[in-house]
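Reviewing the structure listed below.
Number of protein chains: 2
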Amino acid sequence: MTNISQGDLDYRAWLQESPLPDGVPEAARRMAVFGPAGHPVLECAAAEWARAVRAASGESPALLAGDAGDAGDAPSVPCVAMGVLSALPSGLREAAQEALAGAHSDEAYAVLPVDGGGVALVSRAPAGVLYGAFHLIRRLRLGQPLGEPCVSSPRNDLRMLDHWDNADGTIERGYAGRSLFYRAGQIDFDEGRVRDYARLLASIGVNAIAINNVNVHEIETRFLTEAYLPHVARLAGAFRPYGIRVFLSVNFASPVDLGELPTADPLDPRVEAWWRAAADRIYRHIPDFGGFLVKADSEFRPGPFTYGRDHADGANMLARALAPHGGVVIWRAFVYNCLMDWRDRRADRARAAYDHFMPLDGRFLDNVLLQIKNGPMDFQVREPVSPLFGGLSATNVMLELQITQEYTGQQRHVCYLAPMWKQVLDFDTHARGPGSTVAEVVSGRLYGRPRGGMAGVANVGDDVNWTGHSLAQANLYAFGRLAWDPSLDPAEIAREWTRLTFGDDPYVVRAVEGILMASWPAYEAYTAPLGVGWMVNPGHHDGPNPEGYEYSKWGTYHYADWQGVGVDRTMATGTGYTGQYHEPVRSLYEHLETCPDELLLFFHHVPYTHVLHSGKTVIQHIYDAHFDGVEAVVWMVEAWRRLEGRIDPVRFERVMARLEDQVQRAIEWRDVINTYFYRKCGIPDERGRHIYP
Amino acid sequence: MTNISQGDLDYRAWLQESPLPDGVPEAARRMAVFGPAGHPVLECAAAEWARAVRAASGESPALLAGDAGDAGDAPSVPCVAMGVLSALPSGLREAAQEALAGAHSDEAYAVLPVDGGGVALVSRAPAGVLYGAFHLIRRLRLGQPLGEPCVSSPRNDLRMLDHWDNADGTIERGYAGRSLFYRAGQIDFDEGRVRDYARLLASIGVNAIAINNVNVHEIETRFLTEAYLPHVARLAGAFRPYGIRVFLSVNFASPVDLGELPTADPLDPRVEAWWRAAADRIYRHIPDFGGFLVKADSEFRPGPFTYGRDHADGANMLARALAPHGGVVIWRAFVYNCLMDWRDRRADRARAAYDHFMPLDGRFLDNVLLQIKNGPMDFQVREPVSPLFGGLSATNVMLELQITQEYTGQQRHVCYLAPMWKQVLDFDTHARGPGSTVAEVVSGRLYGRPRGGMAGVANVGDDVNWTGHSLAQANLYAFGRLAWDPSLDPAEIAREWTRLTFGDDPYVVRAVEGILMASWPAYEAYTAPLGVGWMVNPGHHDGPNPEGYEYSKWGTYHYADWQGVGVDRTMATGTGYTGQYHEPVRSLYEHLETCPDELLLFFHHVPYTHVLHSGKTVIQHIYDAHFDGVEAVVWMVEAWRRLEGRIDPVRFERVMARLEDQVQRAIEWRDVINTYFYRKCGIPDERGRHIYP
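Just so you know, the sequences run in chain order A and B.
UniProt numbering puts the first residue of the first sequence at 1, with every later residue one more than the last.
UniProt numbering puts the first residue of the second sequence at 1, with every later residue one more than the last.
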């Protein structure tokens, strides 16, 4: 499959290999490598750089003396010299040491100009050299000066992808084909394809991957056993040269489900011993194994509650098993009662994670991270930020984003999510006064926590373009870039991705960047309004169904009636959820006068005639947004159509077909939502546009 | 499995085998059998009778001279003498001939008293003797005089069960476990269990069975091939002694999907030859094979439309292949556009079957039957009768009922469907003036058609009690009894079933009959109101979701808004569907003044304040019905609870658990539907009961 696919430019994603018209700079014609000989990551870095030079110029760079392992003199001719600090020639080492002195992470890299036109790429660790190599490859492809000095250190230690892949080859919430890792109940993969995937990930700085669904089914429960571990190890081996450590999602009830113990009680010594043995076994096969990802006591998954224990008991028991090996436990905070009663307007799923985990703050061991979804519900197109960010102060936390577009168009709609993620990262929790952003929280800096990170639920499958919709590659790219550096600008990322992916025609770059940047606002406009969410078909979550979840047990209600709509989550008259935020955020959301329009219906139940800050009534806003949202998609289609002939026909047609389909889907959303509200309230559109009765 | 299950009284269903306190009448102590020696059906009849006598009295009846095959003298001592007409002793033959003279069907049987206290059971065919034997067994168990003269001829030639079983062992719309016929992609069954199933079916007169789902998937498509036919034949062999002929659901695209032809065009001679060869092959394995059941051009199934042909072209081609062997084609009329647009209020799925098939009336060959669902939509709890009954006059038709409770409680709710079916059978189409009932149409009598029948979608799986809910056995029983004799009274059938199943305690009989007779009205009361239907969760169809299908592509809308609800299907202002009925039915439904309340919203869109014939407004009716419906279930629970100790504890607890669960489900329905309408219109309950806002 790999060979067939490589002919397709989509397969290369943002690592295109076309020759560059201007060739490569002089320094790129030669290279030198310094570091531990035979280190797979360092070798990989060198090979990637050489491959990029060869692709750009038609010629491999000459390898100079100063080969890996040789800490001799610095090269005397202009070249790209890359290596780990300890192995550098003494002349170079001092400057490198100085450049990297302030870098928090061993994965940081520095680029230094060298006298005579050379470039040095240095890091304390081989992985840093690898990230630096991909940084230089970006510069090469973007025509930027290779030697421009810079130091880059990842803001987050863990930059992780969570794969919701099942052993049967399906992917939960996957919209890009079947799993890259599994077929028919077996760990069974195309090594070349997985390596190609690993390099895509490494090129954006991802360093960890959970290889199986957090909903751990029967077969995946056995991944911990001798029958499966050799295969898990093989998969880990494919990722290793790219600096990516493998994690397993584990079933909390494994000792029971595997028939080995009568209990999974985390305080039972037999259970602790069982997991310790399991961890020892895993590390015998995979010495650099990352650790466990756990969904427990959530949506019918087993957990410590079964035994009257709490999440800290459960997580710490696993953490003790992993600690001797340097592994960590990533424990998901996505815990709520999924058998709620729609009749009870005081019950509020949004409150659940905070209510569950705040009392446990400080009780988790240092090698536990709590993985928290960006919002309190579940990856809706618009949610406030989870108040656990800034709430927890004595617990390691990770931010969980959803790259796969479960609720944001399922890769049938283009929906570039980086602007949403950026709002999340920049959100000021005010936990320790102004500037207490989510980015500062999850990096661990705000509270000086030893660990932190960002995880994204992968949007990748075995489709030739990895992500189903070619433009959805931009989401994967942006996730990695933001996880490395949350200060990046989403528009800038979009531009960079477009140039790397489609080349440097400014007309193309403007159009694609424009489509990407317009896409999330458009999707929000033509779907559920003003933060209310959940107007989707139950189960698969595709397409509009305004009351599909209204009377369910999932805690996902909007309470629309003949007068108004929205959820009262205020302290004064509602569920009290606003009280989970620090001031001044708490008051901002609590009061109708200050609550941002885009979250109005998340926090308040208001009449359709309520006037927004925008000056429009709620109902008129709904109508306008839905007509405007469709217009935005029509514009995207036109903008893309004008690219015909400017990009390769395969990718042009592939995206064109999805965009044309998106128009139909957007129209369906528009008409259903407008009609739904019109049928509720009977208020006509003041601009007289057609709303189906 | 068979052995384990037989200890459970539920497994015996209505063929209980407890000893009778009064033993058996004198005549039952001896038996004689006349007919072709070794005929499996006749032997089966004799064995069933002997088994029943043995169970009732502890002793097998003595077999007198006049054994099968011996047409000698009539027995001279009181006995039960059974046999086929041609083999009877001459003394008996004349009286039997006279009794059966008026019987239309060879499956008719007559019971005659014989001088000296004996009883004769006679038929023209072995199957008739079998049905008569089960008739005598009923008499025996019910304590009725064995010798009471009677002649009974089945009103419908085909009395058929359609199994929607898949080769993977699942059952589409099945609520009673896994398939009895398949496991893991194979035809793989427990012979004893299938035989036990066959005798249950024969005991209620069923004589045909389609063994696989009308949605024919990949594996089932291959049932026509040499690889599978020996196994199909084995299954047919298990049913044969009970007079049941096996049918296959076939995939119209079989020649293409099996890779043997490039087309499935019914007018292509290669296709006709292919099917002729397939039929020849099948009959080599199964000489008494029944024929094909076909769902074509419906819900994404392939059909003749693909090739620009019509249903008559498709059905007749298959019919020609089967005709030389005496087989028939049962072609489903369930054809509609399942990609409808909810915006278009003129489009109407209810019209579809009539619009499709009326133009073809007279074009179908004599060995084709058109199988028509009772209503124009899809087995909702309340629909009008399909206007194709009485519409088609030159086509053989069958009535399709759904025994499995897809939309009527999924065997979690008790819902005895015979009263609904009875209304359908008694519905007067006025096609040839008064008295043109559906029963007369489907039997073939009204238009003198050569063939007719009734099919029920089976509600059976491998659960120990066959039907999941023990009381759902009554639906299977009633289906068979009504298919044999549509003039039977549903309450009488309920009583008969209860006495056979639970014994003769009058307290038990009254309670169970009461529960059964109350159940369909209750279910209707607490679910979707006034014939509007479809307020269910999409996909699995369980539980309330008032707008779950409102904006779908399935053509299933109710158009509720802030003013009113219902579908205008009138000729004057709506879809014109009422025009598909003969007068006076057409006018009855067309006009608000005469339209029956229970179908009001099926035919008219009315304001919530519209006053029904009952004197209530629509909205008040909705509220009242939903409160009353729950009360009815609460009553059922109490009524059942009082049976503790009067029936065996296993069945008592099993039904108790389901009834208690039903109360919760009914409450959920009540509250969702009441709140839904309250939120639409804001009109409070005039009796002040609590409706959640």
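We treat Cβ as the ideally placed atom computed from N, Cα and C, and that holds for glycine.
In this text the structure is predicted, and so the values were computed from the model without any measurement.
Beta-carbon proximity check, residue i vs residue j, cutoff 8 Å
i: serine 221 of chain B; j: serine 254 of chain B; result: Note that residue 221 of chain B is threonine in the sequence shown here, rather than serine. It is a contact, given that the beta carbons lie within the stated cut-off.
i: leucine 392 of chain A; j: serine 203 of chain A; result: no
i: alanine 52 of chain A; j: leucine 140 of chain A; result: yes
i: valine 80 of chain B; j: valine 119 of chain B; result: yes
i: glycine 452 of chain A; j: methionine 398 of chain A; result: yes
i: threonine 408 of chain B; j: cysteine 415 of chain B; result: yes
i: phenylalanine 247 of chain A; j: phenylalanine 181 of chain A; result: no
i: glycine 83 of chain A; j: tyrosine 131 of chain A; result: no
i: methionine 160 of chain A; j: isoleucine 209 of chain A; result: yes
i: aspartate 165 of chain B; j: asparagine 465 of chain B; result: no
i: phenylalanine 334 of chain B; j: proline 302 of chain B; result: no
i: valine 194 of chain B; j: alanine 238 of chain B; result: yes
i: isoleucine 244 of chain B; j: asparagine 213 of chain B; result: no
i: isoleucine 171 of chain A; j: glycine 461 of chain A; result: yes
Distance between residue j and residue i (C-alpha atoms, nearest Å)
i: alanine 60 of chain B; j: arginine 240 of chain B; result: Strictly speaking, residue 60 of chain B in this sequence is serine, with alanine absent from that position. Each residue's alpha carbon lies about 24 Å from the other.
i: residue 729 of chain A; j: threonine 527 of chain A; result: One cannot answer for residue 729 of chain A here, as it falls past the ends of chain A, which runs 1 to 693.
i: asparagine 3 of chain A; j: alanine 13 of chain A; result: Bear in mind that a pLDDT of 46 at asparagine 3 of chain A, under 50, signals an unreliable position, so the model cannot answer this.
i: alanine 87 of chain B; j: arginine 199 of chain B; result: 25 Å
i: cysteine 681 of chain A; j: leucine 530 of chain B; result: 24 Å
i: valine 381 of chain A; j: aspartate 628 of chain B; result: 42 Å
i: isoleucine 187 of chain B; j: valine 216 of chain B; result: 14 Å
i: tyrosine 477 of chain A; j: alanine 312 of chain A; result: 34 Å
i: glycine 69 of chain A; j: alanine 47 of chain A; result: For glycine 69 of chain A, the predicted model reports a pLDDT of 44, less than 50, meaning its position is unreliable and no value from the coordinates is stated.
i: aspartate 366 of chain A; j: tyrosine 559 of chain A; result: 42 Å
i: isoleucine 673 of chain B; j: proline 693 of chain B; result: 12 Å
i: isoleucine 282 of chain A; j: tryptophan 275 of chain A; result: 10 Å
i: proline 359 of chain A; j: arginine 346 of chain A; result: 21 Å
i: proline 304 of chain B; j: arginine 658 of chain B; result: 44 Å
i: phenylalanine 603 of chain A; j: lysine 373 of chain B; result: 48 Å
Neighbour list for residue i in chain B, Cβ cutoff strictly below 8 Å
i: tryptophan 534 of chain A; result: In chain order: nothing, as chain B lies at least about 13 Å away.
i: glycine 682 of chain A; result: Asp561, Trp562, Gln563
Residues that residue i contacts on chain A, provided the C-beta gap is smaller than 9 Å
i: proline 538 of chain B; result: Asn537, Pro538, Gly539, Asn545, Gly548
i: residue 694 of chain B; result: Shown here, chain B extends from 1 to 693; a query on residue 694 of chain B therefore has no answer.
i: aspartate 671 of chain B; result: Trp342, Arg343, Tyr551
i: arginine 586 of chain B; result: Neighbours of arginine 586 of chain B on chain A: none; closest Cβ ~27 Å, over 9 Å.
i: arginine 451 of chain B; result: Those within 9 Å of arginine 451 of chain B in chain A number zero; the least Cβ separation is about 42 Å.
i: arginine 30 of chain B; result: Residues of chain A passing the Cβ test: none, with the nearest at roughly 59 Å.
Interface residues of chain A facing residue i [CB-CB closer than 7 Å]
i: tyrosine 623 of chain B; result: Chain A residues near tyrosine 623 of chain B: none, gap ~16 Å exceeds 7 Å.
i: arginine 301 of chain B; result: The contacting residues do not exist; arginine 301 of chain B stays about 22 Å from chain A at best.
Contacts that residue i makes with chain B (C-beta to C-beta distance below 7 Å)
i: tyrosine 692 of chain A; result: Arg343
Requested in this report: Please specify which runs of the alpha helix (DSSP H), each continuous and at least 4 residues long, are wholly inside the segment 518 to 579 of chain A, giving them in chain order.
Outcome: none
Query raised in the report: If contact means a Cβ-Cβ distance below 7 Å, which residues of the segment 336 to 351 of chain A contact chain B?
Result: Arg343
Requested in this report: Could I get the ranges of all uninterrupted alpha helix (DSSP H) runs contained in the segment 174 to 252 of chain B, with 4 residues as the minimum, in chain order?
Outcome: Under the rule that a run must span 4 or more residues, the alpha helix (DSSP H) segments found entirely inside the segment 174 to 252 of chain B read 191 to 203, 218 to 221, 229 to 239.
Query raised in the report: What residue ranges within the segment 428 to 507 of chain A form continuous alpha helix (DSSP H) runs of no fewer than 4 residues, ordered along the chain?
Result: 438 to 442, 473 to 484, 490 to 502
Report task. Please specify which runs of the beta strand (DSSP E), each continuous and at least 3 residues long, are wholly inside the segment 29 to 77 of chain B, giving them in chain order. Result -> 30 to 34
Query - Proximal residues, the segment 175 to 187 of chain B versus chain A, C-beta separation under 7 Å - result: none
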